[in-house]
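Here's the structure we're looking at; comments come further down.
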Amino acid sequence: MKTERTPPAPAAVDDDDALVRRILAGERELFRVLVERYAPRLYTFGRRMCRNEPDAEDLVQETLLSAFRHLPEFRFESKFKNWLFRIAVNACRKKHRRARLAAEEELALEDLDRRLADEAARPGAVPLWARLPLERLLSEELSAQVREAIGSLPEKYRVVLLLRDIEGFSTEETARLLRLTPVNVKVRLHRARLFLRERLKGVLEHGLQGA
Amino acid sequence: MDCREHDHRRCLELSRRISAYLDGELDEAERRSVEEHLAACLACACCAATLKRTVELCRRAAPQPLPEPFARRLDGLLARLLAAPRVPKRRPRRG
Numbered sequence: 000m001k002t003e004r005t006p007p008a009p010a011a012v013d014d015d016d017a018l019v020r021r022i023l024a025g026e027r028e029l030f031r032v033l034v035e036r037y038a039p040r041l042y043t044f045g046r047r048m049c050r051n052e053p054d055a056e057d058l059v060q061e062t063l064l065s066a067f068r069h070l071p072e073f074r075f076e077s078k079f080k081n082w083l084f085r086i087a088v089n090a091c092r093k094k095h096r097r098a099r100l101a102a103e104e105e106l107a108l109e110d111l112d113r114r115l116a117d118e119a120a121r122p123g124a125v126p127l128w129a130r131l132p133l134e135r136l137l138s139e140e141l142s143a144q145v146r147e148a149i150g151s152l153p154e155k156y157r158v159v160l161l162l163r164d165i166e167g168f169s170t171e172e173t174a175r176l177l178r179l180t181p182v183n184v185k186v187r188l189h190r191a192r193l194f195l196r197e198r199l200k201g202v203l204e205h206g207l208q209g210a
Numbered sequence: 000m001d002c003r004e005h006d007h008r009r010c011l012e013l014s015r016r017i018s019a020y021l022d023g024e025l026d027e028a029e030r031r032s033v034e035e036h037l038a039a040c041l042a043c044a045c046c047a048a049t050l051k052r053t054v055e056l057c058r059r060a061a062p063q064p065l066p067e068p069f070a071r072r073l074d075g076l077l078a079r080l081l082a083a084p085r086v087p088k089r090r091p092r093r094g
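Protein sequences appear in the order of chains A and B. In terms of numbering that gives the first Met the number 0, the first sequence is residues 0 to 210. In terms of numbering that gives the first Met the number 0, the second sequence is residues 0 to 94.
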């Protein structure tokens with residue numbers, strides 16, 4: 000008797016995989032599709048990581064060039080997007096090493112805890128900016144302030160926040176991309192969010208006065 | 000329960016798990032314990048709501064479009080790249 004067997008699910012299959020296979024099979028022009036798909040995301044990532052336009056442009060260019068050159072070595076063991084962002088993160092780190100940026104800052108949990116303790120001692124209602132429908136808050140001005148607040152995070156927290164909250168990588172994927180433990184990713188993400196919350200609280204509470 | 004009456008020592012301990020709670024990364028027992036605390040503590044409920052809104056604002060902050068001159072340069076680079084003969088393989092890059 001014949002038994003139906005479910006074929007094994009291919010690992011990490013997405014649209015990009017099909018594209019990459021066709022590019023590797025000789026349809027090199029299709030690399031343009033990957034560029035159209037990822038250049039804007041890489042640029043946004045680069046602007047927030049490098050905090051200036053020329054470095055963000057370099058980052059996009061270096062990442063795409065490197066991806067094109069190394070595409071024959073892509074083994075489909077991870078998603079293409081993860082592979083591409085690994086290249087971008089490495090390019091970013093190289094750039095920062097070259098620029099001899101200041102030693103990595105820490106976001107002290109004690110400071111963040113102190114603020115939380117202050118809040119706990121004087122509990123108030125959930126503020127308007129957290130209760131209003133999100134659409135009523137969004138504006139180009141607020142987006143710029145959010146970008147600025149993200150830019151003010153120390154690099155090691157910023158990169159985690161960008162990969163997790165903006166690019167939507169999971170904790171495990173982010174940990175693999177950054178060669179950190181998942182626990183480290185969670186701790187850094189939480190501190191980054193608390194830091195941003197403090198920054199945005201001031202902006203939003205002031206901005207909504209009289210709303 | 001008025002949140003002023005409860006023991007706020009638990010708040011700091013809980014606050015470290017709020018992100019994981021918002022991301023749905025806690026197990027069932029932990030999730031229940033956080034939710035019970037949030038229902039009883041206005042300060043932590045406020046912290047969770049503002050943290051959740053912060054994440055939403057980050058996610059919705061408009062992406063920055065490629066500047067037009069850079070998009071043109073990238074297009075030119077791509078055209079040269081695609082017209083060039085194949086580049087020989089370099090050292091393996093796992094992916």
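Yeah, the Cβ is synthetic: ideal placement off N, Cα and C, and Gly gets one too. Since the model is a prediction, treat every value here as computed from it, not as a measurement.
Residue i versus the options, residue with shortest Cα-Cα distance
i, options, result
"residue 82 of chain B", "A/67, A/77, A/71 and A/91", "A/67"
"residue 48 of chain B", "A/56, A/168 and A/131", "A/131"
"residue 55 of chain A", "A/92, A/24 and A/19", "A/92"
"residue 144 of chain A", "B/50, B/57, B/80 and B/77", "B/57"
"residue 90 of chain A", "A/17, A/177 and A/190", "A/177"
"residue 42 of chain A", "A/72, A/193 and A/61", "A/61"
"residue 184 of chain A", "A/138, A/166, A/160 and A/30", "A/160"
"residue 166 of chain A", "A/58, A/81 and A/65", "A/81"
"residue 77 of chain A", "A/180, A/168, A/202 and A/205", "A/168"
"residue 87 of chain A", "A/19, A/49, A/127 and A/58", "A/58"
"residue 139 of chain A", "B/60, B/65 and B/77", "B/60"
"residue 45 of chain A", "A/128, A/137, A/150 and A/126", "A/150"
"residue 142 of chain A", "B/32, B/76, B/62 and B/73", "B/62"
"residue 65 of chain A", "B/55, B/76, B/64 and B/70", "B/76"
"residue 148 of chain A", "A/163, A/181, A/201 and A/26", "A/201"
"residue 133 of chain A", "A/180, A/156 and A/203", "A/203"
"residue 64 of chain B", "A/39, A/18 and A/182", "A/39"
"residue 23 of chain B", "A/24, A/124, A/84 and A/170", "A/170"
"residue 95 of chain B", "A/124, A/155, A/30 and A/51", "Residue numbering for chain B in the displayed model covers 0 to 94; residue 95 of chain B lies beyond these limits and cannot be assessed."
"residue 152 of chain A", "A/188, A/53, A/20 and A/16", "A/188"
Chain D contact residues for residue i, given Cβ-Cβ distances below 7 Å
i, result
"residue 54 of chain B", "Annotation note: the requested chain D is absent from the structure, which comprises protein chains A and B."
Endpoints, the alpha helix (DSSP H) within which residue i is located
i, result
"residue 51 of chain B", "41-59"
"residue 123 of chain A", "First-last for residue 123 of chain A: undefined, no H or E at that position."
"residue 53 of chain A", "52-69"
"residue 152 of chain A", "No alpha helix (DSSP H) contains residue 152 of chain A, which DSSP labels as neither H nor E."
"residue 22 of chain A", "14-23"
"residue 180 of chain A", "Here residue 180 of chain A belongs to no alpha helix (DSSP H), and DSSP marks it neither H nor E."
"residue 45 of chain A", "30-49"
Any non-hydrogen atom of the ligand HEM within 7 Å of residue i CB
i, result
"residue 71 of chain A", "Questions concerning the ligand HEM fall outside what the structure shown contains, since it holds no ligand whatsoever."
Integer-rounded CB distance, given that residue j should sit under 8 Å from residue i
i, j, result
"residue 146 of chain A", "residue 47 of chain A", "7 Å"
"residue 53 of chain B", "residue 192 of chain A", "6 Å"
"residue 16 of chain B", "residue 34 of chain B", "About 11 Å; that fails the 8 Å criterion."
"residue 73 of chain A", "residue 19 of chain A", "6 Å"
### Message
Check whether the region 25-40 of chain A and the region 34-46 of chain B are in contact - that is, three or more C-beta pairs closer than 8 Å.
### Response
no
### Task
Answer yes if the region 111-118 of chain A comes into contact with the region 179-199 of chain A, meaning at least three C-beta pairs across the two stretches below 8 Å, and no otherwise.
yes
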